[in-house]
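Student:
Structure, rendered in C-alpha cells:
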C-alpha cells in the first residue's frame with residue numbers, strides 16, 4: 011500500500027479545517043508517517059471541486075455519503091457532519107463496509123459510543139474520536155495512551171467555550187446574563203438557539219465521553235446531573251470574589267468507593283485553582299490520578315483548525331494502524347465492567363455550598379433561614395452582604411459547611427415557601443480545585 | 011500469546027514506582043489491554059525477592075542485566091538505571107536481542123536518541139521514552155500522537171522541578187539563592203551536587219528531546235544555549251514583579267523561517283502567563299501549534315509514582331504493539347531531515363531584555379550605560395530603582411526594547427569595563443507567554 015486514503019463527509023467548520031490542514035501540511039504528515047495520507051473524496055450538501063483548497067485538485071466530490079462509503083479506494087471515513095441521525099447511519103454503514111472511522115461527533119459518541127465501538131471491534135476496523143471533546147486538547151490520547159497506566163480518581167473540566175465566554179464577560183464587565191448572551195450571539199460566539207451551550211447539554215455529552223474513557227464505564231448523558239448558567243448574576247461574581255472564588259460551569263467526575271459522582275453545573279472554584287484561570291472560549295481539563303497525581307490540559311475548545319488538528323491526528327493514528335494491520339481490540343468504554351463504577355445521584359455527595367438569596371428586607375430573615383438549616387443539621391459557615399445592586403430585592407449569601415446535597419436541597423425546597431423571598435434561592439457547590 | 015512479559019532493570023525511584031503500579035494496578039491494566047502485562051524478572055544491584063511488592067511473588071530477581079536481556083520469556087526491557095554508560099550497553103543489547111525497550115533515560119535519549127531509534131526500527135522492535143521528560147506529563151504522547159497533525163511553531167516549558175522549587179522559594183520568602191539551595195538539599199529536593207539542576211543541564215537534555223519530537227530534527231544538548239539560576243537574587247523578583255513579571259528557568263524552542271532558536275535560561279515571564287503560575291516542583295509545557303494554536307500541559311515533573319505512570323503507560327503501548335505485530339516505522343527524531351530546522355545561535359534572536367546592575371553610586375552612571383546602549387542602537391525602555399536591599403552596592407534595572415541578543419551581549423561586555431560596577435550586569439530576556 012503506497013498511501014492511505016481518506017473520505018471526508020461534512021464540510022462545515024470542522025470539515026473545512028481538516029481539509030485545509032491535510033492540504034497544507036501534507037509533506038510533514040507524510041514525513042511523520044512514512045507514507046502519504048491522501049484525500050480521495052469529499053462529500054457535503056454543496057461541495058464543488060473548485061472550492062477545495064489548493065493541492066486537492068484531483069479529489070472527487072459528491073453530495074451523497076453512500077458514495078464515500080462504497081468507494082473501494084477509501085480506507086478511512088471521516089464523519090464530520092454532526093448530529094445523530096445521518097451521522098449514525100453513515101458511521102454504521104462505514105463500519106459495515108470495513109472502513110475505519112474518525113469522528114468529531116460528541117452527541118453520537120456520548121449516546122451510542124459503546125455500541126459503535128463494539129461494532130468497530132467486531133468488524134476489525136479502527137475508530138477514533140479525539141475531536142469529539144475539547145477540540146484542540148488531545149485529552150482522548152492522554153487518557154487512552156499517555157496516562158493509561160494510572161487509575162483516574164477524579165477529573166474536572168471546562169468543556170463548553172460559549173458558556174465560559176459568557177461567564178468571563180459577566181465577571182469582567184458586570185453585565186447581565188441576557189445582555190452578554192445577546193452580544194455573544196451577535197459576535198457568533200453563541201448559537202441563535204443557545205440552549206445546548208448555556209443549559210449544559212453540550213458539556214454533558216463531552217463529560218459523558220471523558221468519564222467513560224477515564225473510568226471505563228458506559229456512561230450516557232442522562233446519567234449526569236446537569237444545570238446551566240442562566241441564573242448567574244454579576245452579584246454572584248462579587249460574592250464569589252469576596253470568598254476567594256470565581257464561578258465556572260464545572261464538569262466533574264469523582265470516583266468514590268460507592269461509585270461515580272458526575273455533574274455539569276455552575277460551581278464556585280477557588281481563584282488560586284488553575285481552572286479558575288481559564289478565560290473566554292478556552293477549554294481545560296484537570297485529571298487527578300491515583301498514582302500520577304494532578305495533571306492539567308488546556309487549549310482551544312473549538313474552531314475549525316484546532317478541531318481539525320484533532321481530526322487529522324486521529325486520521326494519522328488510524329492510518330498507521332491500518333498500515334500495520336492492527337485494529338483496536340478493546341473498547342475504551344469497557345475496560346471495566348465490574349459494576350463498581352455506576353453513577354451515583356449527586357444528592358449523595360457532600361459539598362460546601364453557596365446559597366444566594368434575594369429577599370424583601372424585613373427582620374427575622376436570617377433567623378428563619380438558619381432555623382431551616384439547623385433542622386437539617388447543616389452548619390452555616392458565613393453570612394455575607396455586599397452593598398446592594400440596582401435591583402429591587404436585597405441580595406445576600408449564606409455559605410454552608412460541607413453537607414449532603416440531599417439535605418441542602420430539602421432545605422432549599424423548604425426555604426422556597428418563605429414569603430420574604432423575591433425568587434428561589436440559588437445554590438451552587440463550592441469545589442476544591444487543583 | 012496469553013500475556014506480554016516485562017523485565018525491569020533498575021529499582022531506584024522510578025523502578026520501584028513502576029513496579030508498585032504494575033503490581034497494584036494489574037487488574038485494570040489487563041482490562042484496558044485485553045491481556046496481562048506480567049513482570050518476569052527484576053534486576054538491580056541489591057534486589058531480593060522478598061522486597062518486591064505483594065503480587066510479585068513468583069518474579070525472578072538478578073543483579074546482572076544480561077540475564078534480563080537473555081531471558082527468552084522477556085518481551086520488553088524497561089531500562090530504569092539512568093546514566094549513559096550501563097544504560098546504553100543495556101539498551102543496545104536489548105535491541106540486538108530483539109526485545110522492545112521502554113526507557114526513562116533523558117541523558118541517553120538526548121545524546122543518542124536518534125541513533126538508538128534507528129537501531130530499534132532496523133531491528134523491528136518498539137521503543138518508548140515518555141518518562142524521560144516531565145515525568146507525570148504525557149508530553150511525548152501528546153506530540154507524537156495527540157497533536158501530530160499540527161506543525162509546532164514554538165514551545166516553552168518549565169522542565170526542572172528543583173530549580174523551579176528554588177526560584178519559587180526565593181520569590182516567596184526573599185531568601186538568598188545559597189540559603190534556599192542548602193535548605194532544598196537538606197529536604198532532599200536538591201542533590202548534594204546540584205549543578206545538573208541549577209545550571210540548567212538537566213532541563214537542557216529534556217528540551218533536546220522535546221524539540222526533536224516537536225520539530226523532527228536531530229537536536230543534541232550541545233545545540234542549546236544554556237544558563238543556570240545561580241545569579242538570581244530576591245531583588246530580581248522585586249523588580250520583575252514591578253514590571254508585571256516573574257522569573258522562571260524557561261526552556262524555549264521557536265521555529266523561524268531561518269531555523270530553530272533553542273535556549274534554557276532564566277527569563278522574565280509575564281505574571282498573567284499561565285507558565286508563571288507553575289509553582290514549586292511542578293513541570294509544565296506550553297505548545298504553540300500553527301493550526302491548533304496554544305495548548306498547555308502541567309503535572310508532576312518527577313517522583314516515583316508520576317514517573318512510574320509514564321513507564322507503565324509506555325509498557326502498555328509497546329505491549330499492545332507487540333500483540334498486534336506493529337513496530338514503529340518512523341523515528342520521532344527524523345520526520346523532517348530537510349535541513350531547514352537547524353538550530354540557530356540565540357544571539358540572532360530579538361528580545362526585550364532586563365539588565366540588572368549593582369553599582370557603587372556616583373553621578374553619571376545612567377549616562378554611561380545609556381551611552382553604550384545608544385552606540386549599539388538599542389532603545390532603552392525603562393529605568394527602575396527600588397529601595398536598596400541590605401547589600402553594599404546599589405541595585406537598579408534597565409529594561410530594553412526588543413533588540414538583537416548579539417548587540418545586547420556586546421553592550422554588556424563593554425559595560426563590564428566600567429569601574430562603578432560592583433559585579434557584571436545580569437541580563438535576562440523578557441519573554442511573552444501564553
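Protein chains in written order, with the working numbering: chain G, 11 to 444; chain X, 11 to 444.
Glycine included, C-beta positions come from ideal geometry on N, C-alpha and C.
Could you check what DSSP says for residue 255 of chain G in three-state terms: helix, strand or coil?
Tutor: As a working mapping, residue 255 of chain G is identified with position 245 in the first chain. DSSP places residue 255 of chain G in strand when its eight states are reduced to three.
Student: Can the beta-carbon of residue 217 of chain X be found less than 8 Å from the beta-carbon of residue 263 of chain X?
Tutor: By one-based count along the second chain, residue 217 of chain X stands at place 207. By one-based count along the second chain, residue 263 of chain X stands at place 253. Going by C-beta atoms, residue 217 of chain X is nearer than 8 Å to residue 263 of chain X.
Student: Looking at residue 231 of chain X and residue 121 of chain X, is the spacing between their C-beta atoms short of 8 Å?
Tutor: Position 111 of the second chain holds residue 121 of chain X. Position 221 of the second chain holds residue 231 of chain X. Their beta carbons are under 8 Å apart, which means residue 121 of chain X touches residue 231 of chain X by this criterion.
Student: Any beta carbon of chain X sitting closer than 8 Å to that of residue 172 of chain G?
Tutor: Residue 172 of chain G sits at position 162 when you count from the first residue of the first chain. Taking Cβ atoms only, chain X never reaches closer than 8 Å to residue 172 of chain G, which makes this a no.
Student: With a 10 Å radius around its C-beta and 16 neighbouring C-beta atoms as the bar for buried, classify residue 100 of chain G as buried or exposed.
Tutor: For the purposes of this step, residue 100 of chain G is identified with residue 90 of the first chain, where counting begins at 1. By the neighbour-count rule (16 or more Cβ atoms within 10 Å), residue 100 of chain G is buried.
Student: Would you list the one or two residues that DSSP bridges to residue 110 of chain G?
Tutor: One-based indexing of the first chain puts residue 110 of chain G at position 100. G:86, per the DSSP bridge assignment.
Student: Comparing C-alpha positions only, which one of X:95, X:58 and X:110 sits nearest to residue 116 of chain X?
Tutor: In the second chain, counting from the first residue as 1, residue 116 of chain X sits at position 106. Closest by alpha carbon: X:95.
Student: Could you pull the start and end residues of the beta strand (DSSP E) that residue 299 of chain G belongs to?
Tutor: By one-based count along the first chain, residue 299 of chain G stands at place 289. 292 to 299 is the extent of the beta strand (DSSP E) around residue 299 of chain G.
Student: Is the beta carbon of residue 319 of chain X closer than 8 Å to that of residue 92 of chain X?
Tutor: Walking along the second chain from the start, residue 92 of chain X turns up at place 82. Walking along the second chain from the start, residue 319 of chain X turns up at place 309. For residue 92 of chain X and residue 319 of chain X, no; Cβs fall outside 8 Å.
Student: Using only the alpha-carbon positions, how far apart do residue 270 of chain X and residue 16 of chain G sit?
Tutor: Here the question's residue 270 of chain X lines up with position 260 in the second chain. Here the question's residue 16 of chain G lines up with position 6 in the first chain. Using only the alpha carbons, I get a separation of about 33 Å.
Student: For residue 234 of chain G, which residues of its own chain have a beta-carbon under 7 Å away from its beta-carbon, when the five flanking residues on both sides are left out?
Tutor: The residue you call residue 234 of chain G lines up with position 224 of the first chain. Once the five neighbours on either side are set aside, the close Cβ partners of residue 234 of chain G are 214, 217, 218, 272, 273 and 274.
Student: Against residue 309 of chain X, what residues of chain G qualify as contacts under a CB-to-CB distance less than 8 Å, listed in chain order?
Tutor: Residue 309 of chain X sits at position 299 when you count from the first residue of the second chain. Those are 302, 303, 304, 305 and 306, listed as they occur along chain G.
Student: Where does residue 76 of chain G land, buried or exposed, given buried means 16+ other C-beta within 10 angstroms?
Tutor: For this step, residue 76 of chain G is matched to residue 66 along the first chain. Exposed, by the Cβ-count rule.
Student: Compute the beta-carbon to beta-carbon distance between residue 459 of chain G and residue 165 of chain G, rounded to the nearest angstrom, for a pair I have assumed lies under 8 Å.
Tutor: Since the first residue of chain G shown is 11 and the last is 444, residue 459 of chain G is not available in this structure.
Student: How would you label residue 397 of chain G, buried or exposed, when you count the other beta carbons within 10 angstroms and need 16 or more for buried?
Tutor: As a first step, residue 397 of chain G is located in the first chain; it is residue number 387 there, counting from the start. With fewer than 16 Cβ atoms within 10 Å of its Cβ, residue 397 of chain G is classed as exposed.
Student: Can you tell me whether residue 199 of chain X is helix, strand or coil according to DSSP?
Tutor: Numbered from its first residue, the second chain carries residue 199 of chain X at position 189. Coil, per DSSP.
Student: Return the residues of the stretch 225 to 259 of chain X that lie within a Cβ-Cβ distance of less than 8 Å from chain G, sorted by chain order.
Tutor: Listed in sequence order: 226.
Student: Taking the C-alpha atoms as reference points, what is the distance between residue 285 of chain X and residue 303 of chain G?
Tutor: Within the second chain, numbered from 1, the residue matching residue 285 of chain X stands at position 275. Within the first chain, numbered from 1, the residue matching residue 303 of chain G stands at position 293. C-alpha separation (whole angstroms): 19 Å.
Student: At least one CB of chain G closer than 8 Å to the CB of residue 425 of chain X: is that the case?
Tutor: Stepping through the second chain from its first residue, residue 425 of chain X is reached at position 415. Judged by the 8 Å Cβ criterion, residue 425 of chain X is not in contact with chain G.
Student: Find the residues of chain X that neighbour residue 35 of chain G, judging by a C-beta separation of less than 9 Å, and give them in chain order.
Tutor: As a first step, residue 35 of chain G is located in the first chain; it is residue number 25 there, counting from the start. 159, 160, 161, 300 and 301, listed in chain order.
Student: Closest to residue 51 of chain G by C-alpha separation, out of G:85, G:210, G:23 and G:31, would be which residue?
Tutor: Taking the first chain and counting its residues from 1, one reaches residue 51 of chain G at position 41. It is G:85 whose Cα lies nearest to the Cα of residue 51 of chain G.
Student: Within 8 Å of any Cβ in chain X, is that where the Cβ of residue 318 of chain G sits?
Tutor: Against the first chain, residue 318 of chain G aligns to sequence position 308. It does; some Cβ of chain X falls within 8 Å.
Student: With DSSP collapsed to three states, give me the class of residue 348 of chain G.
Tutor: As a position in the first chain, residue 348 of chain G is number 338, starting the count at 1. In this prediction, residue 348 of chain G scores a pLDDT of 44, lower than 50, which makes its location untrustworthy; the coordinate-derived value is nonetheless stated afterwards. In this structure, residue 348 of chain G counts as coil in the three-state DSSP scheme.
Student: Counting along the chain, where does the beta strand (DSSP E) carrying residue 65 of chain X start and finish?
Tutor: Sequence index remark: in the second chain, residue 65 of chain X carries index 55 (1-based). Neither: residue 65 of chain X is in no beta strand (DSSP E) and is coded neither H nor E.
Student: What in chain G is Cβ-close to residue 322 of chain X, meaning under 7 Å?
Tutor: Walking along the second chain from the start, residue 322 of chain X turns up at place 312. In chain order: 159.
Student: Are there three or more Cβ pairs, one per stretch, closer than 8 Å when the stretch 17 to 37 of chain G is compared with the stretch 319 to 328 of chain G?
Tutor: Verdict: yes, contact present.
Student: Suppose you measure from the CA of residue 348 of chain G to the CA of residue 268 of chain G; what does that come to, to the nearest Å?
Tutor: Position 338 of the first chain, counted from the first residue, corresponds to residue 348 of chain G. Position 258 of the first chain, counted from the first residue, corresponds to residue 268 of chain G. Caution is warranted here: a pLDDT of 44 is assigned to residue 348 of chain G, below 50, making its placement in the model unreliable, and the coordinate value is therefore given only provisionally. The alpha-carbon atoms of residue 348 of chain G and residue 268 of chain G are separated by roughly 13 Å.
Student: Going by C-alpha to C-alpha distance, which of G:248, G:300, G:266 and G:310 sits closest to residue 281 of chain G?
Tutor: For the purposes of this step, residue 281 of chain G is taken as the residue at position 271 of the first chain. If we check each option's Cα against that of residue 281 of chain G, G:248 comes out closest.
Student: I want to see whether chain G comes within less than 8 Å of residue 334 of chain X, judged by CB atoms only; does it?
Tutor: One-based indexing of the second chain puts residue 334 of chain X at position 324. Residue 334 of chain X counts as touching chain G.
Student: Under 8 Å between C-beta atoms, does residue 438 of chain G make it to chain X?
Tutor: The sequence position of residue 438 of chain G within the first chain is 428, counting from 1. By this cut-off, residue 438 of chain G is not an interface position.
Student: Round the Cβ separation of residue 195 of chain G and residue 202 of chain G to the nearest angstrom and send it over; I've been treating them as touching at under 8 Å.
Tutor: If you number the first chain from 1, residue 195 of chain G lands on position 185. If you number the first chain from 1, residue 202 of chain G lands on position 192. Confirmed, about 7 Å.
Student: Excluding the 5 residues preceding and the 5 following residue 331 of chain G in the sequence, name in chain order all residues of the same chain whose CB lies nearer than 6 Å to its CB.
Tutor: Reading the first chain from its first residue, position 321 is the one you call residue 331 of chain G. Within the same chain, residue 331 of chain G has close Cβ partners 136.
Student: Assuming residue 162 of chain X and residue 299 of chain X form a contact by the criterion Cβ under 8 Å, report the distance between their Cβ atoms to the nearest whole angstrom.
Tutor: To locate residue 162 of chain X, count along the second chain from 1; it is residue 152. To locate residue 299 of chain X, count along the second chain from 1; it is residue 289. Residue 162 of chain X to residue 299 of chain X, Cβ: 6 Å. Contact.
Student: Work out the CA separation of residue 229 of chain G and residue 352 of chain G for me, nearest whole Å.
Tutor: For this step, residue 352 of chain G is matched to residue 342 along the first chain. For this step, residue 229 of chain G is matched to residue 219 along the first chain. Going by the C-alpha atoms only, they are around 8 Å apart.
Student: Are residue 212 of chain G and residue 170 of chain G close, meaning C-beta to C-beta below 8 Å?
Tutor: On the first chain, residue 212 of chain G is found 202 positions in, with the first residue counted as 1. On the first chain, residue 170 of chain G is found 160 positions in, with the first residue counted as 1. Going by C-beta atoms, residue 212 of chain G is nearer than 8 Å to residue 170 of chain G.
Student: Under 8 Å between the Cβ atoms of residue 200 of chain G and residue 172 of chain G?
Tutor: Within the first chain, numbered from 1, the residue matching residue 200 of chain G stands at position 190. Within the first chain, numbered from 1, the residue matching residue 172 of chain G stands at position 162. Result yes, Cβ atoms of residue 200 of chain G and residue 172 of chain G sit closer than 8 Å.
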